[in-house]
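S.K.: Below you will find the structure I want to go over with you.
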Amino acid sequence: MITNECEQVFSLYPPAFARKPKTLVEQLTVIIVDFEPGSTHLMATVATFCKHYPFIKLVIISETILYPPLKLSTKCNVHVLTTHSDPRKKWLDSDPLKHINSEYVMVIPDSVIFDKGTRLEHIQFSRIEEKDIVLVSLITNPQLIIHTCIAIDWDIRHWTLKFRRKETYDQCDFHDGDFAYLMKRKILEQLNIPFASPFPESFAIQAVFKGLKMIIEDDLKFFTMKIAGVDQHELLKAESLKKWKLSQLYHRFKVKKVIESDGSEHFYGCTKETPRCFSSIVNNTPEYLYWHRWTPPCCLENLRTTARRVFSVFEQCEIRYWLEGGSLLGAARYGDIIPWDFDVDLGIYEEDIAKCPILSYARKQPVKDDEGFIWEKAVEGDFLRVQFSEINRLHVDIFPFYAVDGMMTKRTWFKDHPQDKEFPEFFVKKLKKIPFVGVQASAPTNVTQFLEYKFDEEFPDLK
Ligand code: ZN
0 MITNECEQVF
10 SLYPPAFARK
20 PKTLVEQLTV
30 IIVDFEPGST
40 HLMATVATFC
50 KHYPFIKLVI
60 ISETILYPPL
70 KLSTKCNVHV
80 LTTHSDPRKK
90 WLDSDPLKHI
100 NSEYVMVIPD
110 SVIFDKGTRL
120 EHIQFSRIEE
130 KDIVLVSLIT
140 NPQLIIHTCI
150 AIDWDIRHWT
160 LKFRRKETYD
170 QCDFHDGDFA
180 YLMKRKILEQ
190 LNIPFASPFP
200 ESFAIQAVFK
210 GLKMIIEDDL
220 KFFTMKIAGV
230 DQHELLKAES
240 LKKWKLSQLY
250 HRFKVKKVIE
260 SDGSEHFYGC
270 TKETPRCFSS
280 IVNNTPEYLY
290 WHRWTPPCCL
300 ENLRTTARRV
310 FSVFEQCEIR
320 YWLEGGSLLG
330 AARYGDIIPW
340 DFDVDLGIYE
350 EDIAKCPILS
360 YARKQPVKDD
370 EGFIWEKAVE
380 GDFLRVQFSE
390 INRLHVDIFP
400 FYAVDGMMTK
410 RTWFKDHPQD
420 KEFPEFFVKK
430 LKKIPFVGVQ
440 ASAPTNVTQF
450 LEYKFDEEFP
460 DLK
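First residue of the sequence shown: 0, per numbering that gives the first Met the number 0; consecutive thereafter.
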């Protein structure tokens with residue numbers, strides 16, 4: 000029974016005339032999630048449920064207050080729980096599981112037709128084990144059941160979720176298809192956000208960490224109202240709504256990159272219009288290292304883009320530049336930015352600045368180029384910086400060096416960077432191209448010797 004006055008309660012008890020097996024009533028709660036407000040499917044589903052199973056508790060979990068409200072007979076055991084924020088509600092009362100006390104739950108979308116063929120009475124609960132998720136196919140045509148077995152690799156260190164299509168149907172983390180999900184209630188209790196939308200994807204990615212077993216129930220199938228010939232406009236609307244909900248879900252779980260089962264890659268992190276994904280660097284250590292994560296993939300990608308922009312401008316101006324410090328180390332080891340690094344460092348000949356109008360100008364005041372990159376003098380000292388954008392401050396640092404008695408020196412030094420020191424000019428007298436961030440970037444001719452000189456022959460894991 001739901002007692003919170005903020006909930007919409009349509010009936011409190013099953014009607015007295017219901018003479019159905021008590022065990023089923025006690026054992027099962029049917030939960031409807033993932034529907035659009037005002038859905039005609041929802042009303043029809045609830046109506047068929049009330050007609051055939053008035054004794055079983057049906058809970059509708061909605062992100063908003065239902066409109067138009069459901070008109071239900073008091074003979075139905077149907078409850079609506081809204082999960083939207085309401086300052087009058089207690090946080091504890093907003094947990095839908097507080098209002099569900101049966102041992103088993105079945106989560107369905109709003110389109111299931113409950114009729115005589117649904118046969119909920121035939122479910123053999125005793126066969127469902129602690130970690131089992133029983134999937135009941137939702138079909139519009141018995142001849143046409145399509146689903147794909149997907150493995151999910153959730154690489155937290157790289158903020159990346161990868162969906163892999165499997166050829167066999169064993170050990171699937173996710174069955175991409177239409178299903179009702181039947182399981183012990185306590186499984187939902189173990190999830191971080193059990194009713195997040197879209198439910199199938201949200202459930203599957205959280206289940207990865209729980210060692211659950213997905214079992215397709217062959218003896219039971221439910222018919223649904225998803226019929227052929229649905230309006231194309233409605234389909235597109237539903238698809239973009241699902242995409243938006245997925246992006247919200249990824250945002251909550253700090254997933255910044257998703258590799259779909261078809262191999263396509265999508266980023267859900269920072270862009271030119273948003274701040275970068277990490278806050279200020281303290282003691283040369285970004286916060287994500289404390290979270291046992293490496294640089295978010297969106298930030299790495301935006302750093303690469305900024306570096307390529309700088310290289311291209313330098314090539315045009317014929318500026319002599321070379322990869323410095325951790326960036327050169329990354330190029331030597333990975334041909335890329337070190338996976339946990341947070342900026343790109345370059346050295347240039349100071350006398351070349353005059354050859355490049357944007358660099359000369361940036362020394363005096365910040366300038367936005369025609370691709371939205373910000374060129375400016377760094378606040379920390381006498382060097383230049385190119386930001387990915389005004390708000391997203393991922394950047395490339397450019398250190399101007401000049402030669403004194405055969406040694407390259409500069410005006411600003413970082414005490415917490417032991418490798419930040421003068422070096423003989425012969426290292427950069429002649430430069431060569433090496434692979435870095437997907438292009439050929441300029442580097443000292445003898446990369447290993449230069450790195451050994453800078454890092455005192457120690458190549459540290461962190462710069
Ligand atoms: Zn980012």
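Heads up, the beta-carbon is just placed ideally off N, CA and C, and yes, glycines get one too.
Between the alpha carbons of residue 257 and residue 267, how many angstroms are there, rounded?
M.R.: Approximately 8 Å between the Cα atoms of the pair.
S.K.: My guess is that residue 427 and residue 417 are in contact by the Cβ rule of under 8 Å, so how many angstroms apart are they, rounded?
M.R.: Their Cβ separation, rounded to whole angstroms, is 20 Å, which puts residue 427 and residue 417 out of contact at 8 Å.
S.K.: For the beta strand (DSSP E) that contains residue 174, what are its first and last residues?
M.R.: Counting along the chain, the beta strand (DSSP E) containing residue 174 begins and ends at 173-175.
S.K.: Please list, following the chain, all residues that have a C-beta closer than 7 Å to any non-hydrogen atom of the ligand ZN.
M.R.: Residues flagged by the Cβ proximity filter: 255, 268, 269, 275, 276, 295, 297, 298, 301.
S.K.: Looking at the secondary structure, which residues open and close the alpha helix (DSSP H) in which residue 440 lies?
M.R.: It is not in any alpha helix (DSSP H) - residue 440 instead sits in the beta strand (DSSP E) that spans 438-443.
S.K.: Look up residue 375 in the DSSP assignment and say whether it is helix, strand or coil.
M.R.: In the structure shown, residue 375 sits in a strand (DSSP, three-state: E or B).
S.K.: Check for me: the beta strand (DSSP E) holding residue 428 runs from which residue to which?
M.R.: Element bounds for residue 428: not the beta strand (DSSP E) but the alpha helix (DSSP H), 425-428.
S.K.: Kindly indicate the opening and closing residues of the alpha helix (DSSP H) around residue 232.
M.R.: Counting along the chain, the alpha helix (DSSP H) containing residue 232 begins and ends at 231-251.
S.K.: Determine contact between the stretch 294-307 and the stretch 391-405, defined as no fewer than three beta-carbon pairs at a distance below 8 Å.
M.R.: Yes: the two stretches touch, three or more of their Cβ pairs being nearer than 8 Å.
S.K.: Would residue 24 pass as a contact of residue 48 if the rule is Cβ separation under 7 Å?
M.R.: In this structure, residue 48 does not lie closer than 7 Å to residue 24 by Cβ.
S.K.: Going straight from the alpha carbon of residue 138 to that of residue 87, what length do you get?
M.R.: Approximately 41 Å between the Cα atoms of the pair.
S.K.: Would you tell me roughly how many angstroms separate the C-alpha atoms of residue 152 and residue 318, rounded to the nearest one?
M.R.: C-alpha separation (whole angstroms): 44 Å.
S.K.: Give me the Cβ distance between residue 221 and residue 108, rounded to the nearest whole Å; I'm assuming they're in contact under 8 Å.
M.R.: No, residue 221 and residue 108 are not in contact; Cβ-Cβ is about 10 Å, not under 8 Å.
S.K.: Alpha carbon to alpha carbon, how far is residue 214 from residue 188? Give it in angstroms, no decimals.
M.R.: When rounded, the distance between both Cα atoms is 20 Å.
S.K.: Within 10 angstroms of its Cβ, does residue 32 collect 16 or more other Cβ (buried), or is it exposed?
M.R.: Per the 10 Å Cβ criterion, buried.
S.K.: Could you give the distance in angstroms between the alpha-carbon of residue 75 and the alpha-carbon of residue 169?
M.R.: Rounded to whole angstroms, residue 75 to residue 169 spans 39 Å at the Cα level.
S.K.: Can you find the residues in the same chain that come closer than 6 Å, C-beta to C-beta, to residue 20, ignoring five residues on each side of it along the sequence?
M.R.: Because the pLDDT of residue 20 is 48, which lies under 50, any placement of that residue in the model is unreliable, and the number read from its coordinates should be weighed accordingly. So the list is empty, once near-sequence residues are dropped.
S.K.: What does the alpha-carbon distance come out to for the pair residue 415 and residue 421?
M.R.: Rounded to the nearest angstrom, the two C-alpha atoms are 15 Å apart.
S.K.: Quick test of the definition: if touching needs 3 or more C-beta pairs under 8 Å, does the stretch 145-163 touch the stretch 244-264?
M.R.: Yes, the stretch 145-163 is in contact with the stretch 244-264.
S.K.: Buried or exposed: where does residue 235 fall if 16 or more other Cβ atoms within 10 Å of its Cβ makes it buried?
M.R.: Residue 235 comes out exposed.
S.K.: Given a cut-off of 7 Å on the beta-carbon distance, is the pair residue 130 and residue 181 in contact?
M.R.: In this structure, residue 181 does not lie closer than 7 Å to residue 130 by Cβ.
S.K.: Which residues bound the beta strand (DSSP E) around residue 266?
M.R.: Run containing residue 266: 264-266, per the beta strand (DSSP E) assignment.
S.K.: Would you mind reading off the limits of the beta strand (DSSP E) that contains residue 324?
M.R.: Not the beta strand (DSSP E): residue 324 falls in the alpha helix (DSSP H), residues 324-333.
S.K.: Three or more C-beta pairs under 8 Å: does that hold for the stretch 274-290 against the stretch 337-344?
M.R.: With the cut-off at 8 Å, the stretch 274-290 and the stretch 337-344 touch.
S.K.: Between residue 57 and residue 29, is the Cβ-Cβ spacing less than 7 Å?
M.R.: In contact: residue 57 and residue 29 (Cβ atoms closer than 7 Å).
S.K.: With respect to the beta strand (DSSP E) encompassing residue 195, which residues constitute its N-terminal and C-terminal limits?
M.R.: It is not in any beta strand (DSSP E) - residue 195 carries neither H nor E in the DSSP assignment.
S.K.: Go ahead and pull the three-state DSSP assignment for residue 210.
M.R.: In the structure shown, residue 210 sits in coil (DSSP, three-state: anything other than H, G, I, E or B).
S.K.: How is residue 418 classed by DSSP in three states: helix, strand or coil?
M.R.: If DSSP states are grouped into helix, strand and coil, residue 418 belongs with coil.
S.K.: Judging by CA-CA distance, which residue of 455, 276, 305 is the nearest neighbour of residue 250?
M.R.: Cα-wise, what sits closest to residue 250 is 276.
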